[in-house]
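Counting in the working numbering, the sequence shown runs from 1 upward without gaps. Glycine residues also receive a C-beta, built at the ideal position from the N, C-alpha and C atoms. In what follows, a single structure is set out as structure tokens and then discussed.
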Amino acid sequence: MYNWIDALADLQNRGEPCVLVTIIEELGSTPRNAGSKMVVSARQTFDTIGGGHLEYKAMQIAREMLASGKQDTHLERFSLGASLGQCCGGATVLLFEPMGQVQAQIAVFGAGHVGRALVPLLASLPCRVRWIDSREEEFPEQIPHGVRKIVAEEPVDEIDDLPAGSYCIVMTHNHQLDLELTAAILKRNDFTWFGLIGSKTKRAKFEHRLRDRGFDASVVQRMRCPMGIGEVKGKLPVEIAISIAGEIIATYNANFGQHTASAEPIAKLLPVSRRSQAATLKASN
């Protein structure tokens, strides 16, 4: 059986989200001491915080956090006798910390000079990247960790396999292919963000052709072209890549910091006797 630290490293290396559960306070008789840890993934658990119903409840809470994509840490107090039916009779406070949550599933169509500058940036973010092109020779020898290289004779066919809510980036070597990819992405219309490389002139031409194909204007307006942060004016591949990556980060972080932690202060989770001791100690100082 893995210990928690090896399991955490392995899961993060594979890009698999998990929750680190830590006993941060104990009172009375408890199965394990403060500092004990357990790692919970969607299918497995590693190490232990003492077993029994406490561990079962901790696993249940952790997996609910994984299923919901919850990013905030969470504190919860358990009375081992009354609420969990364990014979220990003490109380413990658990800290739940989400680890390795994927912020975005990204599909990059095109392995040209901008794609080669962009993909390593995306790979360094909490994202999973599909990198798609029909030309295997355009890909670098070393593909960044966390990136799946897909050599597809028909890149448009790959759109059917994208997870709902994906971030889609189209920057191929062929304008007609760009148009077909755009049409397929807009037809699904379940993406979080879609960017097409090009100028305002290219956008106007694509809008005209998409209208001729029957696309509603409200759907076409979801397309970002030109894409990237407008204040970045540079035309070097790395400058364009940083601009695009910046817009993606701004999109998936749109609500960052707007949700307060669900946990109460630790002191409020402790039994009254422990809170009284803490208040007395503070007053004496």
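Straight-line measurement puts the Cα of residue 229 at about 14 Å from the Cα of residue 236.
Counting along the chain, the unbroken beta strand (DSSP E) around residue 99 starts and ends at 91-99. By the 16-neighbour rule on beta-carbons within 10 angstroms, residue 201 is exposed. Following the DSSP letters along the chain, one finds residue 52 inside the alpha helix (DSSP H) bounded by residues 52-68. By the neighbour-count criterion, in which a residue is buried when 16 or more other Cβ atoms sit within 10 angstroms of its Cβ, residue 74 is buried. If you draw a straight line from the Cα of residue 222 to the Cα of residue 32, it is about 53 Å long. If you look at residue 212, you'll find it in the alpha helix (DSSP H) that goes 200-212.
Within 10 angstroms of the beta-carbon of residue 108 lie 16 or more other beta-carbons, which makes it buried. Shown here, residue 105 sits in a strand according to DSSP, grouped into three states. Apart from sequence neighbours up to five positions away, the residues of its chain that approach residue 134 with a beta-carbon distance below 8 Å are 151, 152, 153, 154, 155, ordered along the chain. Taking 8 Å as the cut-off, the Cβ atoms of residue 24 and residue 95 count as close. Per DSSP, residue 216 lies in no alpha helix (DSSP H) segment and is marked neither H nor E. According to the DSSP assignment, residue 14 belongs to the alpha helix (DSSP H) that extends over 4-14. For residue 231, the secondary structure class from DSSP, reduced to helix, strand or coil, is coil. Sorting 105, 9, 79 by C-alpha distance to the C-alpha of residue 27 places 79 at the top. Cβ atoms of residue 203 and residue 225 come within 8 Å of each other, at about 4 Å. DSSP lists 96 as the beta-bridge partner residues of residue 74.
Here the C-alpha atom of residue 141 lies approximately 30 Å from the C-alpha atom of residue 192. Note: residue 150 is bridge-paired with 132 in the DSSP secondary-structure output.
Within the same chain, 220 come within 6 Å of residue 207 by CB-CB distance, once the 5 residues on both sides are set aside.
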